[in-house]
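Data block below; observations after.
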Amino acid sequence: MGVLNFFKTIPSMSADETKRFISAKHPDEYNLVDVRQPGEYEGDHIPGANLIPMAELKDRLAEIDPEKPTIVY
Amino acid sequence: MLLGAGFKNVYSMEGGIRAWDGMVAHGVPEAGMAYFSPAADAEEIVGLAWALEEGSKFFYQGVSEHFSHDKEAQEMFSWLVSAEKSHEKHLLETYEKLAGKQPDFVKLRSKFSNSLDGSVMEGGIPVKEALDWAKDKGISESLELAIALEVNAYDLYVKMSRAIEDKQAKLIFEKLSEEEQVHLQKLAKLLDARL
């Protein structure tokens with residue numbers, strides 16, 4: 001990862017836009033990743049979200065398809 | 001990190017889960033997955049998923065009997081019974097399209113005798129336990145329980161469709177999640193109408 005990546009801005013989606021996006025697409029067409037801690041995920045999460053805590057993301061990138069749009073929260 | 005790893009379209013949801021006012025699922029990532037883990041192929045998954053639909057059908061049937069004095073509520077829960085029946089039908093049709101035959105329930109019953117009797121509903125809750133809870137509850141509370149359980153079922157089916165390698169089984173889970181999504185939208189409308 002180059003240093004310039006630290007300065008790239010990640011586009012954002014509002015919760016409403018996310019809801020519309022999810023309901024218009026098949027779950028197979030996007031990645032929805034919950035990067036919080038397991039205890040938070042257990043309490044509540046967006047249905048269909050995969051849990052990959054931020055600290056594990058680097059080692060678990062293979063679980064997400066880079067070709068699909070990815071929403072993280 | 002994702003951008004650096006070659007991910008092209010990455011979005012961060014503004015406000016995180018606190019900003020989300022849609023339905024939420026509960027439980028650890030692997031919740032419910034163990035139910036399907038004894039299944040070796042798509043046919044066995046269809047059998048187990050069918051049994052959950054059967055359990056949900058018994059639940060709605062039981063709840064409709066709680067409201068014998070309320071014709072409107074009874075009709076609503078009877079409609080939910082018929083929705084589960086149609087889920088079961090679609091599930092069997094999907095399998096038939098994929099495999100060219102109906103699932104062999106005699107074989108499935110010999111392997112999963114205790115799991116195929118419809119005693120457990122979607123969300124992994126025993127039907128009897130759910131009916132006991134719902135006995136003295138109102139329509140909205142029974143619908144809320146149904147929605148909570150079906151949201152968890154949707155969550156499970158989406159995650160199973162991503163996790164499972166068998167292509168036919170993957171398609172079965174995709175179909176189940178699609179049906180669950182439509183069903184949830186209808187349940188949410190019913191609940192809105194009652195509130």
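Those protein sequence lines, which keep their order, are chains V and F. Under my numbering, the first residue of the first sequence is numbered 1, with each subsequent residue one higher. Under my numbering, the first residue of the second sequence is numbered 1, with each subsequent residue one higher. Cβ coordinates follow ideal geometry from the N, Cα and C atoms, glycine included.
- Within the same chain, and ignoring the five residues on either side of Leu-187(F) in sequence, the residues whose Cβ sits closer than 7 Å to its Cβ are Leu-143, Ala-146, Ile-147 and Glu-150.
- In the DSSP annotation of this structure, the continuous segment of the beta strand (DSSP E) that includes Tyr-11(F) starts and ends at 10-13.
- Taking 8 Å as the cut-off, the beta carbon of Pro-53(V) is found no closer than this to the beta carbon of Pro-69(V).
- Assignment of Val-158(F) by DSSP, reduced to helix, strand and coil, places it in the helix class.
- Taking 8 Å as the threshold, the shortest C-beta distance from Lys-19(V) to chain F falls below it.
- A check of alpha carbon separations from Trp-50(F) across Leu-2(F), Val-63(F), Phe-77(F) and Ser-115(F) identifies Ser-115(F) as the nearest.
- Pairing Pro-103(F) with Ala-55(V), the inter-Cα distance amounts to about 43 Å.
- Look at Ile-71(V) here: in three-state DSSP terms it is strand.
- Residue environment for Gly-48(V): buried (at least 16 other C-beta atoms within 10 angstroms of its C-beta).
- By DSSP's assignment, Ala-25(F) forms a beta bridge with His-45(V).
- Within chain V, no residue has its beta carbon less than 8 Å from that of Met-33(F); the closest one is some 13 Å off.
- Excluding its 5 nearest sequence neighbours in each direction, Val-81(F) has C-beta neighbours in its own chain below 6 Å: Lys-57, Tyr-60 and Gln-61, listed in chain order.
- Identification of residues in the stretch 5-20 of chain F having a C-beta nearer than 8 Å to some C-beta of chain V yields Ala-5, Gly-6, Phe-7, Lys-8, Asn-9, Val-10, Tyr-11, Ser-12, Met-13, Glu-14, Gly-15, Gly-16, Ile-17, Ala-19 and Trp-20, given in sequence order.
- Secondary structure at Ser-119(F): coil, using DSSP grouped into helix, strand and coil.
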